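Contents: one structure, followed by commentary.
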Amino acid sequence: MKFLGKFDWLIIVILILAAIILFIPHGQSAPIAEIYHDGRLVMTVDLRVDSHFSLEGMEIAVSGGRISVVDSDCPDRICVNQGAIDRPGIPIVCVPNRVVIKIPAGDTQFDAITQ
Amino acid sequence: MSKRNIASFLKGRVLFYGILLVAAAAILTYLFLREKPVEYYDRTEYYLGTYVTVRVGSKTLSPLVLADAAMKEIKRIDEKFGGRGSGTIAQLNATGQANDLDNETMFLIKSALKVAENTGGAFDPTLFTLTALWGFDYADSENRVPLDSEIVSALAKTGYRRVELDENNMAVRLPEGLTLDLGGIAKGYAVDLAIARIKSLDPQATGFIDAGGDIGVIGPKYGNRPWIVGIRDPRGNSVQDVVEYIYLYDGAVATSGDYERFFVVDGIRYHHILDPKTGSPSRSGAISATVINKSAMLADAYATAAFVMGKDPGITFLPRYGTLVFLVMEDRSTFKSPGFEVYQQK
């Protein structure tokens with residue numbers, strides 16, 4: 006006489022599978038960039054799709070998973086000089102236009118950048 | 028199959044499923060009752076000419092309340108010392124004299140003069156006339172390379188030693204033409220104050236405040252882990268390129284770099300960190316200076332000084348003032364104060 010029958014083993018296997026599925030870390034969410042104006046989130050951009058658009062006098066481009074400001078009407082153009090970003094940690098900031106482009110933090114290498 | 032066998036078989040099964048059930052209940056209870064890790068709340072607002080981010084978590088108070096209190100404090104400093112200002116400092120500069128200053132203003136002026144003294148004038152809060160001459164005073168000013176004669180006459184309107192401080196009467200006097208500019212330390216001061224405000228509400232709160240790269244730690248991540256701060260690569264293609272990481276459990280870090288504000292004429296880069304001795308953009312060989320100090324205000328001021336000093340022997344004195352330096356030079360070599368490496372380990 007076996008201690009556990011067929012159905013018991015089936016239940017055990019199902020339980021183990023369920024446990025494994027529950028503990029597998031949830032897949033990375035889609036890479037996005039968030040664009041803020043005056044501190045308010047005005048749009049989110051999918052970084053997997055190349056795109057080009059204007060906002061508050063700025064030309065913003067997404068290319069190869071990275072987002073950058075390619076042109077801006079602000080005087081110092083620091084945002085253009087910042088180049089493209091694809092990781093969290095440091096946002097692209099245009100002070101005159103009061104626009105911030107940032108990539109929301111997930112599990113990242115660093116929490117902040119001193120500059 | 029005998030009756031006894033059936034009975035023991037059932038018993039075994041019941042026991043097995045019973046144990047399974049108890050274990051499941053125990054795990055669920057544990058998951059439900061265990062201490063939940065602190066959740067961090069981020070808030071970014073535009074103050075002091077930059078974006079200020081407060082990341083805060085607390086076990087006892089809503090982080091929203093803490094972030095709100097911190098932002099209020101930063102806003103207050105911005106209104107008092109920031110911008111083109113109509114405040115006390117603007118009035119002092121206009122009239123050359125101010126009496127009955129409040130403790131806070133006196134503290135800021137004294138702190139700025141102290142750093143100037145400690146760094147042999149490499150940090151100087153009286154350079155505004157020069158800054159304006161080069162067009163680095165406001166975001167919409169036009170940059171240009173001034174004539175030598177203009178620099179010489181602007182230099183005559185600088186010099187921290189000429190600020191007269193009367194602590195008994197809480198008064199400050201400036202000689203004709205001298206302009207006091209607390210912009211170099213107000214940002215760091217706001218960070219320090221906001222941290223103190225959060226700590227007064229919840230001494231156990233953790234997180235950090237980042238004011239345009241001036242970073243002050245409220246408390247370690249989840250109470251026991253360091254915040255990982257990247258030092259920006261001064262010649263990186265992108266702002267997110269990092270040359271070095273530091274791990275901060277407390278204290279503050281600030282960086283001055285020639286990439287922050289600059290213009291190029293005839294292939295020469297003119298940046299916004301002026302050497303108080305020459306009146307021109309500092310050419311110490313450093314292109315970025317990062318400073319760790321327990322105060323964000325001091326980190327901010329010493330970072331500017333370290334940038335101007337470069338590898339000058341004077342820089343070896345900075346640890347005496349609780350200041351650790353990391354320099355990136357033009358040839359991409361680096362310099363570290365002894366002790367800086369402590370912050371490069373987790």
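Those protein sequences? They're chains A and B, same order as listed.
Just so we're on the same page, our numbering is the position in the first sequence counted from 1, plus 5.
Just so we're on the same page, our numbering is the position in the second sequence counted from 1, plus 27.
C-beta atoms are modelled at their ideal positions from N, C-alpha and C, and glycine is treated no differently.
Given the structure is predicted, the values throughout are model-derived calculations rather than measurements.
Margin query: What does the alpha-carbon distance come out to for the pair Ala332 of chain B and Ala66 of chain A?
Written below: In the second sequence, counting from the first residue as 1, residue 332 of chain B sits at position 305. In the first sequence, counting from the first residue as 1, residue 66 of chain A sits at position 61. One C-alpha to the other measures close to 38 angstroms.
Check: How about Met48 of chain A and Cys99 of chain A: do their beta carbons lie closer than 8 angstroms?
Finding: Translated into the one-based positions of the first sequence, residue 48 of chain A becomes position 43. Translated into the one-based positions of the first sequence, residue 99 of chain A becomes position 94. In this structure, Cys99 of chain A does not lie closer than 8 angstroms to Met48 of chain A by Cβ.
Item checked: Extent of the continuous alpha helix (DSSP H) run through Ser180 of chain B -> Counting from 1 along the second sequence, the entry for residue 180 of chain B is found at position 153. Run containing Ser180 of chain B: Asp175 to Leu182, per the alpha helix (DSSP H) assignment.
Item checked: Short Cβ contact (8 angstroms threshold) for Pro109 of chain A with Ile37 of chain A -> Translated into positions along the first sequence, residue 109 of chain A becomes position 104. Translated into positions along the first sequence, residue 37 of chain A becomes position 32. Yes, the Cβ-Cβ distance between Pro109 of chain A and Ile37 of chain A is below 8 angstroms.
Checklist line | Those residues which DSSP pairs with Asn320 of chain B across a bridge | finding: Position 293 of the second sequence, counting from 1, holds the residue named residue 320 of chain B. The partner list for Asn320 of chain B (beta bridge, DSSP) reads B:Ala279.
Item checked: Rounded C-alpha distance that separates Cys1 of chain A from Ile21 of chain A -> As displayed, chain A neither begins before 6 nor continues past 120, which places residue 1 of chain A out of reach and without an answer.
Note to self: Measuring CB atoms only, is the segment 119 to 139 of chain B touching the segment 256 to 265 of chain B, in the sense that at least three cross pairs come out at less than 8 angstroms?
What the structure shows: no
Notebook entry, point to check: Pick from B:Gly243, B:Phe155 and B:Thr115: whose alpha carbon is nearest that of Tyr276 of chain B?
Noted result: Along the second sequence, read from residue 1 onward, the residue named residue 276 of chain B stands at position 249. Among B:Gly243, B:Phe155 and B:Thr115, the Cα nearest to that of Tyr276 of chain B belongs to B:Gly243.
Margin query: Using a Cβ-Cβ cutoff of less than 6 angstroms, which residues in the same chain neighbour Val142 of chain B once the five nearest sequence positions on both sides are dropped?
Written below: Counting from 1 along the second sequence, the entry for residue 142 of chain B is found at position 115. The residues are Phe150 and Ala328.
Next item on the list: Compute the Euclidean distance between the alpha carbons of Pro90 of chain B and Gly215 of chain B, then round it to the nearest angstrom.
Entry: Residue 90 of chain B sits at position 63 when you count from the first residue of the second sequence. Residue 215 of chain B sits at position 188 when you count from the first residue of the second sequence. Each residue's Cα considered, the two are about 22 angstroms apart.
Check: In chain B, which residues lie less than 9 angstroms from Ile118 of chain A when you measure between Cβ atoms?
Finding: Stepping through the first sequence from its first residue, residue 118 of chain A is reached at position 113. For the C-beta of Ile118 of chain A, the chain B residues within less than 9 angstroms are, from N- to C-terminus, Asp237, Gly240, Ile242, Val256, Gly257, Ile258, Arg259, Val266, Gln267, Val269 and Thr282.
Margin query: In the DSSP output, what is Ile225 of chain B paired with across the bridge?
Written below: Within the second sequence, numbered from 1, the residue matching residue 225 of chain B stands at position 198. Note: Ile225 of chain B sits in no beta bridge, so no partner.
Notebook entry, point to check: So is Gln372 of chain B buried or exposed if we call it buried at 16+ other beta carbons inside 10 Å?
Noted result: Here residue 372 of chain B corresponds to residue number 345 of the second sequence, with the count starting at 1. Burial is judged here by how many other beta carbons sit within 10 angstroms of a residue's own beta carbon; Gln372 of chain B has fewer than 16 and is exposed.
Note to self: Runs of 4 residues minimum, wholly inside the segment 43 to 105 of chain A: which ones carry the alpha helix (DSSP H) assignment?
What the structure shows: 83 to 86
Notebook entry, point to check: Quick one: is Ala89 of chain A near chain B, going by C-beta distance under 8 angstroms?
Noted result: On the first sequence, residue 89 of chain A is found 84 positions in, with the first residue counted as 1. By this cut-off, Ala89 of chain A is an interface position.
Next item on the list: Grab the span of the beta strand (DSSP E) containing Leu75 of chain B for me, first residue to last.
Entry: In the second sequence, counting from the first residue as 1, residue 75 of chain B sits at position 48. Looking at the DSSP string, Leu75 of chain B is not in any beta strand (DSSP E), and its letter there is neither H nor E.
Checklist line | Coil, strand or helix - Asp241 of chain B by DSSP | finding: Within the second sequence, the letter at position 214 stands for residue 241 of chain B. In the structure shown, Asp241 of chain B sits in a strand (DSSP, three-state: E or B).
Item checked: Cα-Cα separation, Gly246 of chain B to Ile118 of chain A -> To locate residue 246 of chain B, count along the second sequence from 1; it is residue 219. To locate residue 118 of chain A, count along the first sequence from 1; it is residue 113. Their Cα atoms are separated by approximately 17 angstroms.
Note to self: Please state the DSSP three-state secondary structure of Tyr297 of chain B.
What the structure shows: In the second sequence, residue 297 of chain B corresponds to position 270, counting from 1. Strand at Tyr297 of chain B.
Check: Taking the beta strand (DSSP E) that Thr119 of chain A falls in, what are its first and last residues?
Finding: To locate residue 119 of chain A, count along the first sequence from 1; it is residue 114. Per DSSP, Thr119 of chain A belongs to the beta strand (DSSP E) from Ala117 to Thr119.
Next item on the list: Identify whether Met356 of chain B lies in helix, strand or coil by the three-state DSSP scheme.
Entry: Taking the first residue of the second sequence as 1, we reach residue 356 of chain B at position 329. It is a strand residue.
Notebook entry, point to check: Do you know how far the Cα of Ile17 of chain A is from the Cα of Ile26 of chain A?
Noted result: Along the first sequence, one-based indexing puts residue 26 of chain A at 21. Along the first sequence, one-based indexing puts residue 17 of chain A at 12. Their Cα atoms are separated by approximately 14 angstroms.
Margin query: I need the DSSP call for Phe367 of chain B, collapsed to helix, strand or coil.
Written below: If you number the second sequence from 1, residue 367 of chain B lands on position 340. Helix at Phe367 of chain B.
Item checked: Cβ separation of Ala96 of chain B and Tyr68 of chain B, assumed to be a contact under 8 angstroms, to the nearest whole Å -> Numbered from its first residue, the second sequence carries residue 96 of chain B at position 69. Numbered from its first residue, the second sequence carries residue 68 of chain B at position 41. 13 angstroms between Cβ atoms; not a contact.
Next item on the list: Name, please, each residue of chain B whose Cβ falls closer than 9 angstroms to the Cβ of Val105 of chain A.
Entry: One-based indexing of the first sequence puts residue 105 of chain A at position 100. Those within 9 angstroms of Val105 of chain A in chain B are Thr71, Tyr73 and Tyr78.
Notebook entry, point to check: Mind checking Pro152 of chain B: buried by the 16 CB within 10 Å criterion, or exposed?
Noted result: Position 125 of the second sequence holds residue 152 of chain B. With 16 or more Cβ atoms within 10 Å of its Cβ, Pro152 of chain B is classed as buried.
Item checked: Backbone CA spacing between Ala221 of chain B and Glu100 of chain B [nearest angstrom] -> What you label residue 221 of chain B is simply residue 194 of the second sequence in a count that begins at 1. What you label residue 100 of chain B is simply residue 73 of the second sequence in a count that begins at 1. Each residue's alpha carbon lies about 6 angstroms from the other.
Notebook entry, point to check: Looking only at its own chain, which residues have a Cβ that is under 7 angstroms from the Cβ of Lys248 of chain B, when we skip the five neighbours before and after it?
Noted result: Sequence index remark: in the second sequence, residue 248 of chain B carries index 221 (1-based). Cβ within range, chain order: Thr233 and Trp254.
Notebook entry, point to check: Distance, Cα to Cα, Ala53 of chain B vs Phe28 of chain A?
Noted result: Locating residue 53 of chain B in the second sequence gives position 26, counting from the first residue. Locating residue 28 of chain A in the first sequence gives position 23, counting from the first residue. Between Ala53 of chain B and Phe28 of chain A, the C-alpha separation is close to 17 angstroms.
Check: Ala117 of chain B to Ile136 of chain B, Cα distance in whole Å?
Finding: By one-based count along the second sequence, residue 117 of chain B stands at place 90. By one-based count along the second sequence, residue 136 of chain B stands at place 109. Taking the straight line from one Cα to the other gives about 13 angstroms.
Checklist line | Contacting residues, own chain, Cβ-Cβ under 6 angstroms from Ala159 of chain B (five flanking each side not counted) | finding: By 1-based counting over the second sequence, the position of residue 159 of chain B is 132. Correct list: empty, nothing qualifies.
Check: Can you tell me whether Ser309 of chain B is buried or exposed, with buried defined as 16 or more other CB within 10 angstroms of its CB?
Finding: As a working note, residue 309 of chain B is residue 282 in the second sequence. Looking at its Cβ environment, which holds 16 or more other Cβ atoms inside 10 Å, Ser309 of chain B is buried.
Check: Looking only at its own chain, which residues have a Cβ that is under 8 angstroms from the Cβ of Ile144 of chain B, when we skip the five neighbours before and after it?
Finding: The sequence position of residue 144 of chain B within the second sequence is 117, counting from 1. The sequence as given places Glu at residue 144 of chain B; Ile does not occur at that position. Closer than 8 angstroms at Cβ, skipping near neighbours: Tyr187.
Item checked: Residues near Met324 of chain B in its chain [Cβ-Cβ closer than 7 angstroms; skip 5 each side] -> Here residue 324 of chain B is taken as the residue at index 297 of the second sequence, counted from 1. Within the same chain, Met324 of chain B has close Cβ partners Ser138, Ile212, Gly215, Tyr216 and Asp219.
Margin query: Which residue marks the beginning of the beta strand (DSSP E) containing Asp193 of chain B, and which one marks its end?
Written below: In the second sequence, counting from the first residue as 1, residue 193 of chain B sits at position 166. Residue range Glu191 to Asp193 is occupied by the beta strand (DSSP E) that includes Asp193 of chain B.
Notebook entry, point to check: Just how far apart, CA to CA, sit Pro346 of chain B and Ala281 of chain B?
Noted result: Reading the second sequence from its first residue, position 319 is the one you call residue 346 of chain B. Reading the second sequence from its first residue, position 254 is the one you call residue 281 of chain B. So the alpha carbons of these two residues sit roughly 15 angstroms apart.
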